[in-house]
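Enquirer: The following block contains the structure, expressed as structure tokens.
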Amino acid sequence: MVYRIQTLVSVVKGSEKKVATGSNKVNAALFLLFLIGSGVLMFWYSIKEFDTYHLPIASEHGVVTDNLFWVTMAVTGIVFIITHILLFWFSYRYQYKEENTAAFYPDNNKLEILWTLVPAAVLTVLVVSGWKAWSDITAPAPENAHVIEVMGYQFAWEFRYPGKDKQLGNYDYRLINPTNSRGIDFTDKNALDDFPAQKVVIPVGEPVLFKIRSRDVLHSVFAPHMRLKMDAVPGMPTRFWFVPTKTTAQMRAELKDDEFVYEIACTEVCGGGHFSMRREIEVVEPEEYQKWFAEQKTFVEMDPALIADAPSEIKELAQIESAE
Ligand SMILES: [Cu+2]
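Next up, the structure:
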């Protein structure tokens with residue numbers, strides 16, 4: 001600081017006219033080199049990895065989110081490119097030279113109005129269209145939606161289907177124990193036909209509602225092909241509904257990849273095993289879904305001890321249901 005003041009004072013006095021012009025030239029050239037180098041790298045990488053960040057869409061609302069994404073990308077991308085070319089080019093073009101003198105340019109109202117109103121208008125359009133799309137996507141699910149509970153914990157997802165009654169049984173964290181990892185209340189008759197699943201199986205073309213919760217810390221459900229992403233928050237159930245548009249088989253044919261599966265990942269860093277929170281979604285034809293649904297075993301069928309302490313009418317109900 002003191003050195004800078006000394007230098008400036010001596011420049012004003014005229015005693016030290018010579019500022020290091022050599023390092024200025026090098027800096028100016030580096031600015032230009034950085035602009036060209038990073039520009040080339042950015043375009044090269046974006047094009048090379050296009051297929052890994054632009055996955056085919058497999059849900060109805062996915063088309064809307066992708067359109068929004070690309071419109072936003074185009075607007076902000078063009079502005080980004082223009083401003084950065086100018087930023088680095090000006091640093092080069094107007095590098096220090098002894099013969100240059102600074103111009104005094106107090107203000108320009110027209111220009112200021114222009115660069116305030118244009119971005120304000122563009123951002124308003126982006127924000128309002130995004131808000132509209134988001135309120136459509138997060139509107140209440142249709143009555144006939146297939147409900148699936150998605151519970152995150154360190155470190156996996158657990159899925160629960162409501163069974164024939166289409167009603168998930170209640171749960172309470174105080175009921176969680178080694179045989180009841182989800183804390184399901186088996187004194188609630190709605191829980192009697194609930195069943196677990198290792199992967200999410202859903203019918204194509206029909207609405208699906210994920211009821212999302214967490215057992216411990218923050219997690220986030222992420223199904224990239226479905227353009228689905230929703231946090232799992234302990235103590236605060238969240239939800240997301242969507243309509244899958246392509247079966248796993250159709251997507252395999254489209255991608256010419258027989259191993260393809262839709263994935264669910266956790267997209268909230270939640271601890272050491274975060275990476276392992278991978279599960280599959282299998283999208284099938286509605287008939288196949290009905291068949292699969294009917295074949296599943298309920299929690300109580302798999303472990304009758306779960307209702308050992310339940311009232312006698314619950315036990316009777318369970319017997320009637322398993323006899324059906
Ligand atoms: Cu997680």
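Once you know that position 220 of the sequence shown is 220 in UniProt numbering, the rest is easy, because the numbers rise by one and skip nothing.
Even glycine gets a Cβ: it sits at the ideal position worked out from N, Cα and C.
A quick note: this is a predicted structure, and the numbers were derived from the prediction, not measured.
1. Hey, would you say the C-beta of MET277 is under 6 Å away from at least one heavy atom of ligand 1?
2. Below 7 Å between beta carbons: does that hold for ALA58 and THR245?
3. Could you have a look at MET277 and say whether DSSP puts it in helix, strand or coil?
4. Going straight from the alpha carbon of PHE242 to that of ILE212, what length do you get?
5. Got a sec? Which residues, its chain only, sit under 7 Å from LEU68 by beta carbon, not counting five neighbours each side?
6. Could you tell me the boundaries of the beta strand (DSSP E) in which SER135 lies?
7. Pull up the CB-CB distance for ALA141 and LEU209, whole angstroms please, since I reckon it's below 8 Å.
8. Check the Cβ-Cβ distances between TYR171 and every residue of chain D, and say whether any is below 7 Å.
9. Tell me the DSSP bridge mates of LEU228?
10. Specify, as a first and last residue, the run of the beta strand (DSSP E) that PRO196 falls within.
11. Just mark VAL201 as buried or exposed, buried being the case when its beta carbon has 16 or more other beta carbons within 10 Å.
12. So which of PRO56, THR124, GLU313, ILE148 has the shortest CA-CA distance to PHE293?
13. For LYS211, which beta-bridge partners are listed by DSSP?
Expert: On the basis of the coordinates in this document:
1. To locate residue 277, count along the sequence shown from 1; it is residue 277. Checking the Cβ of MET277 against ligand 1 gives yes.
2. Residue numbering aside, residue 58 sits at position 58 when the sequence shown is read from its first letter. Residue numbering aside, residue 245 sits at position 245 when the sequence shown is read from its first letter. Closer than 7 Å, so yes.
3. Here residue 277 refers to the residue found at position 277 of the sequence shown. It is coil, neither helix nor strand.
4. To locate residue 242, count along the sequence shown from 1; it is residue 242. To locate residue 212, count along the sequence shown from 1; it is residue 212. If I take the Cα positions, the gap works out to 14 Å.
5. The count along the sequence shown starts at 1 and reaches residue 68 at position 68. Closer than 7 Å at the Cβ level, and outside the excluded window around LEU68, lie SER129, GLY130, ALA133.
6. Residue mapping note: residue 135 aligns to position 135 of the sequence shown, counting from 1. Segment 109 to 137 is the alpha helix (DSSP H) holding SER135; no beta strand (DSSP E) there.
7. As a position in the sequence shown, residue 141 is number 141, starting the count at 1. As a position in the sequence shown, residue 209 is number 209, starting the count at 1. Confirmed, Cβ separation roughly 4 Å.
8. Checking the listed chains, one finds no chain D in this structure; it contains a single protein chain.
9. Here residue 228 corresponds to residue number 228 of the sequence shown, with the count starting at 1. According to DSSP, LEU228 bridges with ALA223.
10. Translated into positions along the sequence shown, residue 196 becomes position 196. Counting along the chain, the beta strand (DSSP E) containing PRO196 begins and ends at 195 to 197.
11. Here residue 201 corresponds to residue number 201 of the sequence shown, with the count starting at 1. Under this definition VAL201 is a buried residue.
12. If you number the sequence shown from 1, residue 293 lands on position 293. The candidate whose alpha carbon is nearest that of PHE293 is ILE148.
13. The residue given as residue 211 occupies position 211 in the sequence shown. Partner(s): GLU149, ARG239.
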